[in-house]
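To start, the structure under review is shown below, and the notes come after it.
There are 2 protein chains.
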Amino acid sequence: MSYPEDLRAQVERYLEALRFSEEAGTAKLEEAMRYSLLAGGKRVRPVLALATAAAIGVEPSSMLPFAAALELIHTYSLIHDDLPAMDDDDLRRGRPTCHVAFGEDVAILAGDGLYAEAFKHLLTDQPGESANVLRAAAELASATGVSGMVGGQYLDVAASAPAGAEGLRHLHALKTGRLIRASVECVLLLDGSQEPATIVYFNNFASELGVLFQIVDDILDVTGSQEALGKASGSDERLGKRTYVTEFGLDGARKLAKESHARASDALNSAAPHDPGQLHQITDFIAYRSH
Amino acid sequence: MSYPEDLRAQVERYLEALRFSEEAGTAKLEEAMRYSLLAGGKRVRPVLALATAAAIGVEPSSMLPFAAALELIHTYSLIHDDLPAMDDDDLRRGRPTCHVAFGEDVAILAGDGLYAEAFKHLLTDQPGESANVLRAAAELASATGVSGMVGGQYLDVAASAPAGAEGLRHLHALKTGRLIRASVECVLLLDGSQEPATIVYFNNFASELGVLFQIVDDILDVTGSQEALGKASGSDERLGKRTYVTEFGLDGARKLAKESHARASDALNSAAPHDPGQLHQITDFIAYRSH
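Heads up: the sequence lines are chains A and B, in that order.
Heads up: the first sequence begins at 1 in the numbering used here, then just goes up one per residue.
Heads up: the second sequence begins at 292 in the numbering used here, then just goes up one per residue.
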């Protein structure tokens, strides 16, 4: 299946051109940040943001500062999740994790720095009316706080989500879902011209896309090879984590993925975007990816 | 000497009323965040922000969301600085540090969460014109990123600041100075009605106040007791850190503090604020404090 490689290439070039350090003393910190940021990957969140722009008839490149902020934040979350005190992972995106390569203290600060620079970049460089940028940045902060990414990661490490499928779904809605939804929603907020009903339709699509992403992620952790994943496979089992596979079995999880894929595609059609092509490509890629 | 206790009490009440978690699953994470946030302290940064508002004739309470964001961010930086991989401190504000009380994984996430909630709160609840809030939030992100707090902490843990007094001054300008300056500058940006020249004068004052704060901090680390400081004294020596005392001796550092105090007071007078009383009180407190 195809993937919007042109959008990915735009994101990649933009990320490569970003600089964070203004002096020699912090050059090594910047190196650690760029080491983790520029390790490749499909750039799903920023590509989703640019494709959403295209879908509503907005020039995708106008959303690059926001899109970059998404990837900076995603990278920060990976660095902190991989720390010895958290999931203690040694391999990520096919290379040693940040704390293995640069030390634990530098990795903590690289994560902290990426989060700060994400907001600095969004608040400084994103074009658009101030009120719209403010609204989008507030949503991004919320999506990455206690009611979003950080809260979801806490539910994960503390194993404090409610039992059963509903609890699992909720954990992932926070841990990965909110940021994926924000990748779509914030573009609509930045544009500022969409009807509230349209935003609801897009949010339904993006929420379902987040669910689909996680189910496939859990399946790949079992069926994927370390080479394809770029990280240790079977790490969920090693950490004793609840996943869609432990909860429903492999066949059950595949069935759920298929249903979620259908729902996401339907929700996208209901949003009736101007040009949905690339959003469908991303949806199909997430459903059928092998890594 | 007096301190603007009325402003501190306002800040304290406001911080106590803040809630971060919307559900039972993350209640313990919120508990860790509030444990570190509500451990007392002089609340220098938020009080400085409110006193700056009063100094330019703006109602201080209108700046409470921004002031709270400052203290959330300061608390996050303390939690991460205290981690075993960083300064490895067991005691802070007179009680066990966050990772000692809640575990290292929860402490990392409590810090991450406080930082996110700071921006969420500022971007959502701070009154003012959108363009002004945006400008202040961008400055706050910059002050806490690689060219500010995180970069300064990196210079500290990696011992990569240039040698000599200039390097030491630069390290602290990033690590603590930028956030102290932002406590003043962002209030002017939020107000939006000050002349650029006035902002420069206030920034000169706030920069010098940051220097003064750090010199006195270094002196107290040597001369203060654990009881008064609420953290282990002598920790700079234990960690082999360069300080104003190691660089200039105790008497030399005291002389520098006196000079810095005079410069800060002069700079404040040059800024010619409408009502400078509380800013002078804070400056004197920082110079003469015993903890």
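Even for Gly, the Cβ is constructed at its ideal location relative to N, Cα and C.
Chain B residues whose Cβ lies nearer than 9 Å to that of residue i
i, result
"residue 97(A)", "Per Cβ cutoff of 9 Å: no residues; residue 97(A) is ~14 Å from chain B at best."
"residue 57(A)", "Simply none; closest approach about 24 Å."
Close beta carbons around residue i, own chain, < 6 Å, minus the five adjacent residues each side
i, result
"residue 46(A)", "11, 67, 70 and 71"
"residue 343(B)", "475 and 478"
"residue 490(B)", "479"
"residue 250(A)", "none"
"residue 125(A)", "65"
"residue 230(A)", "93 and 94"
"residue 337(A)", "Since the first and last residues shown for chain A are 1 and 291, residue 337(A) lies out of range."
"residue 424(B)", "417"
"residue 151(A)", "174"
"residue 570(B)", "342, 346 and 559"
"residue 299(B)", "334 and 338"
"residue 485(B)", "479"
"residue 534(B)", "509 and 527"
"residue 327(B)", "366, 370 and 389"
"residue 135(A)", "189"
Residue i - partner residues in DSSP beta bridges
i, result
"residue 95(A)", "92(A)"
Contacting residues, own chain, Cβ-Cβ under 7 Å from residue i (five flanking each side not counted)
i, result
"residue 320(B)", "312, 397, 400, 401 and 404"
"residue 165(A)", "247"
"residue 287(A)", "212, 216, 257 and 261"
"residue 567(B)", "346 and 559"
"residue 307(B)", "329"
"residue 131(A)", "none"
"residue 33(A)", "20, 110, 113 and 114"
Chain B residues whose Cβ lies nearer than 7 Å to that of residue i
i, result
"residue 117(A)", "436 and 437"
"residue 109(A)", "441, 444 and 445"
Residues that residue i contacts on chain A, provided the C-beta gap is smaller than 7 Å
i, result
"residue 320(B)", "146, 151 and 154"
"residue 490(B)", "Within chain A, no residue comes near residue 490(B); the closest Cβ sits about 17 Å away, beyond 7 Å."
"residue 448(B)", "105"
"residue 403(B)", "80 and 150"
Chain B residues whose Cβ lies nearer than 8 Å to that of residue i
i, result
"residue 120(A)", "429, 432, 433 and 436"
"residue 161(A)", "316"
"residue 21(A)", "437, 438 and 442"
Any non-hydrogen atom of the ligand NAD within 7 Å of residue i CB
i, result
"residue 106(A)", "Ligands are entirely absent from the displayed structure, and the ligand NAD is therefore not among its contents."
Beta-carbon contacts of residue i that lie in its chain and below 8 Å, excluding the five residues immediately before and after
i, result
"residue 420(B)", "483"
"residue 375(B)", "390 and 395"
"residue 170(A)", "155, 161 and 162"
"residue 310(B)", "321"
"residue 430(B)", "473, 476, 477 and 480"
"residue 499(B)", "551, 554, 555 and 558"
Please identify, using Cβ separations under 7 Å, the residues of the region 413-438 of chain B that lie next to chain A, in order along the chain.
Residues 414, 415, 421, 422, 424, 425, 428, 429, 432, 433, 435, 436, 437 and 438.
If you measure beta-carbon to beta-carbon, which residues of the region 73-90 of chain A are closer than 7 Å to chain B?
For the region 73-90 of chain A, the set of residues with a beta-carbon nearer than 7 Å to any beta-carbon of chain B comprises 80, 83, 85 and 86, in chain order.
For the region 471-484 of chain B, which residues have a beta carbon sitting closer than 7 Å to at least one beta carbon of chain A?
none
Write down every uninterrupted run of the alpha helix (DSSP H) in the region 496-553 of chain B whose length is 4 residues or greater and which is fully enclosed by it, in chain order.
517-520 and 526-529
When you check each C-beta in the region 515-546 of chain B against every C-beta of chain A, which residues fall closer than 9 Å?
Those would be none; no residue qualifies.
What are the complete alpha helix (DSSP H) segments, minimum 4 residues, inside the region 165-193 of chain A?
178-191
Give the list of continuous alpha helix (DSSP H) stretches no shorter than 4 residues that lie fully inside the region 294-319 of chain B.
Every alpha helix (DSSP H) of 4 residues or more that sits fully in the region 294-319 of chain B is shown, in chain order, as 296-308.
Ignoring anything shorter than 4 residues or poking outside the region 115-143 of chain A, list the alpha helix (DSSP H) runs there in chain order.
You should have 130-143.
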